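*Asks:* Residue numbers (the UniProt record's numbering): 1 to 234.
Backbone N, C-alpha and C fix where the C-beta goes; we use that ideal spot for every residue, glycine too.
Model, not experiment: these values are computed from the prediction.
Let me begin by handing over the structure; questions about it come next.
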Ligand code: ATP
């Protein structure tokens with residue numbers, strides 16, 4: 001569904017991503033691990049068209065997307081949920097969802113919203129309330145819901161559990177698993193390697209802008225010491 005091949009991204013003279021390959025497949029969670037500064041966020045932002053790619057290929061459903069405008073990439077079925085949630089706090093929950101569905105025809109948006117509410121019942125309960133009054137975990141669900149409104153085939157999630165209470169981390173990661181089980185391909189940057197591995201199918205570890213480990217979640221668990229060594233060393 002999503003193939004990233006030998007991706008390179010620079011900020012001026014800083015080479016943030018130096019030849020990363022990874023993929024995300026339908027119904028699967030690919031976990032991206034790595035220490036601070038390893039290039040995880042930059043990889044996601046480059047795939048979504050938000051920072052320029054220096055070289056390499058990104059294919060969505062087989063078609064190359066490097067150089068496409070970010071809104072076009074969303075329309076083509078790939079959406080990024082950035083770090084820090086960033087819901088529109090003064091707007092209601094439902095207004096936030098409507099904004100996420102702006103690329104879709106109205107009737108379809110209504111149907112997708114029903115699907116989002118079925119997946120996250122708390123959003124239906126709070127739909128007339130201000131998004132800013134939701135708890136951190138609920139805001140993350142709303143950020144997922146808003147992204148789902150574009151009916152994506154591929155979702156990129158940047159640190160969805162960041163700053164959440166432990167109980168909330170579990171329910172947010174449970175929601176990630178549920179989105180994958182609905183058929184979406186997910187590429188997920190997660191700082192909590194242990195919990196992330198519980199919901200992941202595949203794992204990529206980045207260190208200093210390079211992919212240093214590719215494998216299944218089971219392989220990553222059995223090579224935990226290897227993975228940990230890379231996590232501690234950006
Ligand atoms: P973190 O978990 O800290 O967000 P990360 O793995 O997501 O880390 P990136 O944010 O992708 O890493 O950063 C990779 C490298 O690129 C780092 O050396 C960082 O300092 C640098 N970098 C990131 N954003 C910019 C920017 N806007 N301008 C210049 N350098 C940047």
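1. Specify the secondary structure class of residue 207 as computed by DSSP and reduced to three states.
2. Sort 208, 3, 189 and 122 by Cα distance to residue 61 and report the nearest one.
3. Near the ligand ATP, which residues have their beta-carbon less than 6 Å from any of its heavy atoms, given in chain order?
4. Assign residue 108 to one of two classes, buried (16 or more other C-beta atoms within 10 Å of its C-beta) or exposed (fewer than that).
5. Can you tell me where the beta strand (DSSP E) holding residue 30 begins and where it ends?
6. Taking only runs of the beta strand (DSSP E) that begin and end inside the region 102-162, which ones reach a length of at least 3 residues, in chain order?
7. Which runs of the alpha helix (DSSP H) spanning at least 4 residues fall entirely within the region 20-94, listed in chain order?
8. Provide the residue span of the alpha helix (DSSP H) that contains residue 199, from first to last.
9. For the beta strand (DSSP E) holding residue 175, just list the boundary residues, first then last.
*Replies:* On the basis of the data shown:
1. strand
2. 3
3. 11, 14, 16, 34, 36, 37, 38, 39, 40, 41 and 42
4. exposed
5. 29-34
6. 154-158
7. 40-47 and 70-75
8. 193-199
9. First-last for residue 175: 166-181, but that is the alpha helix (DSSP H), not the beta strand (DSSP E).
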